[in-house]
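A.B. asks: Protein chains in written order, with the numbering used here: chain A, 1 to 177; chain B, 178 to 354.
Note that beta-carbon positions come from the ideal geometry of N, C-alpha and C, so glycine has one too.
Here the structure is a predicted model, which means the values were calculated and not measured.
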DNA sequence: TTTTTTTCGTAACTATCGGTACGAAAAGCA
DNA sequence: TGCTTTTCGTACCGATAGTTACGAAAAAAA
């Protein structure tokens with residue numbers, strides 16, 4: 001997961017995974033079946049490590065703007081301090097979708113839908129509680145939040161400082177007020 | 178250019194380029210020197226075809242908000258009607274930067290800086306003409322516009338309808354008012 | 001201990017990648 | 001026409017991708 005995250009899901013061959021992990025190649029294949037299976041498992045692990053916390057933020061009972069603040073903090077976490085790579089494996093896989101196998105691509109699609117649903121129901125709850133007035137549909141707004149997350153992760157991967165990214169996120173979300 | 182644009186800059190092998198173009202492999206190598214040289218040339222062609230028009234919009238003497246409208250129209254152009262692929266080769270290359278050769282990567286960096294500079298000087302002109310009040314630095318705002326462009330291109334590549342993308346762009350830019 | 005079963009890694013296989021040696025064909029020139 | 005030069009593509013190269021056959025080692029059962 002870390003290798004794909006740091007170097008790109010299609011940039012690390014199985015041989016390199018073996019070298020880094022100390023596992024033998026047949027060992028990898030006995031455990032994951034194929035390159036595709038390994039990537040799928042890595043994405044599953046990423047889901048547990050990163051996407052689930054994100055969904056938990058969206059499902060929390062804080063006010064809309066408290067959640068927005070939590071999202072911003074989450075997006076611009078200092079990765080070096082956490083010994084985690086910059087960027088986002090999930091968005092990287094979405095960008096490399098055409099080069100992934102069937103299993104991984106299916107998982108990407110599933111997690112994307114799951115994430116958009118999480119945004120949408122959060123937005124619907126905020127609307128019904130009167131914390132948010134929006135003239136656009138909730139699914140479009142969900143796309144917007146997901147998009148801003150993607151922006152932030154791409155910028156982080158490109159080396160932009162987190163506090164600069166934070167300023168752009170505030171610019172993006174201030175328009176909702 | 179079209180092949181890399183439609184299928185991804187690292188997803189189309191030289192053999193496939195030969196098949197599609199009808200050129201022989203040594204012909205490709207005599208013309209472009211290497212895979213890297215070919216990708217660089219494709220990106221250069223993309224610059225002429227897409228990035229230059231974008232820079233022209235930014236350099237035009239319209240008002241700030243007229244330019245914003247022009248940008249939105251430019252980003253959500255119907256590609257099918259123009260027989261052009263969805264998404265953006267430039268952003269695709271930025272996402273695949275680690276898998277590109279030295280020449281192409283250098284060109285990507287150069288064009289990225291050129292684009293950010295174009296945004297920045299446009300924003301500075303708008304500020305000095307009093308058309309735009311912003312508390313954030315112009316280079317950060319430039320990153321923001323570039324980021325929204327990236328969002329839009331990723332969404333288009335993922336199959337989101339252009340009118341939905343347009344709504345998210347308006348949401349992103351309305352915050353500047 | 002001996003036998004059976006399971007675990008595991010060396011070493012190979014096939015396909016495909018980017019890249020090129022070299023001879024044939026075409027073009028230019030006499 | 002005959003000779004030189006340039007243009008061009010077949011057929012190959014080494015490297016590396018993902019994948020696996022198969023024998024050795026370890027564990028379990030006898």
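Using a Cβ cut-off of 7 Å, which residues of the stretch 316 to 332 of chain B contact any Cβ in chain A, in chain order?
C.D. replies: Answer in chain order: 317, 320, 321, 324, 327, 328, 331, 332.
A.B. asks: Considering Cα atoms alone, identify which of 124/A, 129/A, 152/A is closest to residue 142/A.
C.D. replies: As a first step, residue 142/A must be located in the first chain, where it is residue number 142. For the residues 124/A, 129/A, 152/A, the minimum Cα distance to residue 142/A belongs to 124/A.
A.B. asks: Step through the CB atoms of chain A and report whether any lies within less than 8 Å of the CB of residue 244/B.
C.D. replies: For this step, residue 244/B is matched to residue 67 along the second chain. No, residue 244/B lies away from the interface with chain A (no Cβ there is under 8 Å from its Cβ).
A.B. asks: Excluding the 5 residues flanking residue 269/B on each side, which residues of the same chain have their C-beta closer than 7 Å to its C-beta?
C.D. replies: As a working note, residue 269/B is residue 92 in the second chain. So the list reads 185, 186, once near-sequence residues are dropped.
A.B. asks: Whose Cβ in chain A lies nearer than 9 Å to the Cβ of residue 278/B?
C.D. replies: The residue given as residue 278/B occupies position 101 in the second chain. Those within 9 Å of residue 278/B in chain A number zero; the least Cβ separation is about 13 Å.
A.B. asks: Flag residue 70/A as yes if its beta-carbon sits less than 8 Å from any beta-carbon of chain B, otherwise no.
C.D. replies: In the first chain, the residue the question calls residue 70/A occupies position 70. False, the Cβ-Cβ gap to chain B never drops below 8 Å.
A.B. asks: Within the 8 Å Cβ cut-off, does residue 281/B reach chain A?
C.D. replies: Taking the first residue of the second chain as 1, we reach residue 281/B at position 104. Chain A contact via Cβ: absent.
A.B. asks: Secondary structure at residue 88/A, three-state DSSP: helix, strand or coil?
C.D. replies: Position 88 of the first chain, counted from the start, is the residue given in the question as residue 88/A. Note: residue 88/A maps to coil in three-state DSSP.
A.B. asks: Measuring alpha carbon to alpha carbon, tell me which residue in 6/A, 24/A, 78/A is nearest residue 164/A.
C.D. replies: Locating residue 164/A in the first chain gives position 164, counting from the first residue. It is 78/A whose Cα lies nearest to the Cα of residue 164/A.
A.B. asks: Between the C-alpha atoms of residue 334/B and residue 113/A, what's the straight-line distance to the nearest angstrom?
C.D. replies: Looking up residue 334/B in the second chain gives position 157. Looking up residue 113/A in the first chain gives position 113. Cα to Cα, the separation comes out at about 16 Å.
A.B. asks: Ordered along the chain, which non-local residues of its own chain (more than five positions away) have a Cβ less than 7 Å from that of residue 221/A?
C.D. replies: With chain A represented from 1 up to 177, any question about residue 221/A goes unanswered, as that position is not in the structure.
A.B. asks: Which chain B residues are close to residue 7/A, counting only those with a beta carbon under 8 Å from its beta carbon?
C.D. replies: For the purposes of this step, residue 7/A is identified with residue 7 of the first chain, where counting begins at 1. In chain order: 275.
A.B. asks: Using a Cβ-Cβ distance cut-off of 8 Å, determine whether residue 179/B contacts chain A.
C.D. replies: The residue labelled residue 179/B in the question sits at position 2 within the second chain. Answer no: the Cβ-Cβ gap between residue 179/B and chain A never drops below 8 Å.
A.B. asks: What does the alpha-carbon distance come out to for the pair residue 24/A and residue 120/A?
C.D. replies: Taking the first chain and counting its residues from 1, the one referred to as residue 24/A is at position 24. Taking the first chain and counting its residues from 1, the one referred to as residue 120/A is at position 120. Looking at the two C-alpha atoms, the distance is approximately 43 Å.
A.B. asks: Taking CB distances under 8 Å as the criterion, tell me whether residue 253/B reaches chain A.
C.D. replies: The count along the second chain starts at 1 and reaches residue 253/B at position 76. No, because no Cβ of chain A sits closer than 8 Å to the Cβ of residue 253/B.
A.B. asks: Do the stretch 238 to 257 of chain B and the stretch 145 to 154 of chain A meet, that is, are 3 or more Cβ pairs less than 8 Å apart?
C.D. replies: No, because fewer than three Cβ pairs between the stretch 238 to 257 of chain B and the stretch 145 to 154 of chain A fall closer than 8 Å, the two stretches do not touch.
A.B. asks: If we call anything under 8 Å between Cβ atoms a contact, is residue 178/B one with residue 266/B?
C.D. replies: By 1-based counting over the second chain, the position of residue 178/B is 1. By 1-based counting over the second chain, the position of residue 266/B is 89. Cβ distance < 8 Å, so residue 178/B and residue 266/B count as in contact.
A.B. asks: Using the three-state DSSP reduction, which class does residue 158/A fall into: helix, strand or coil?
C.D. replies: Here residue 158/A refers to the residue found at position 158 when the first chain is read from its first residue. Looking at residue 158/A - three-state DSSP - the assignment turns out to be coil, as it is neither helix nor strand.
A.B. asks: Just list the alpha helix (DSSP H) runs in the stretch 21 to 45 of chain A, keeping only unbroken ones of 4 residues or longer that don't cross its boundaries, in chain order.
C.D. replies: Listed in chain order, they are 25 to 32.
A.B. asks: Would residue 346/B pass as a contact of residue 251/B if the rule is Cβ separation under 8 Å?
C.D. replies: Working through the second chain from its first residue, we reach residue 346/B at position 169. Working through the second chain from its first residue, we reach residue 251/B at position 74. In this structure, residue 251/B does not lie closer than 8 Å to residue 346/B by Cβ.
A.B. asks: Thinking C-beta only, is residue 234/B closer than 8 Å to residue 248/B?
C.D. replies: In the second chain, counting from the first residue as 1, residue 248/B sits at position 71. In the second chain, counting from the first residue as 1, residue 234/B sits at position 57. Yes, these two residues count as a Cβ contact at 8 Å.
A.B. asks: Exposed or buried, residue 106/A, counting other C-beta atoms within 10 Å across all chains shown (16 or more means buried)?
C.D. replies: Working through the first chain from its first residue, we reach residue 106/A at position 106. Exposed, because fewer than 16 other Cβ atoms sit within 10 Å of the Cβ of residue 106/A.
A.B. asks: Counting along the chain, where does the alpha helix (DSSP H) carrying residue 69/A start and finish?
C.D. replies: Walking along the first chain from the start, residue 69/A turns up at place 69. Residue 69/A -> alpha helix (DSSP H) spans 64 to 75.
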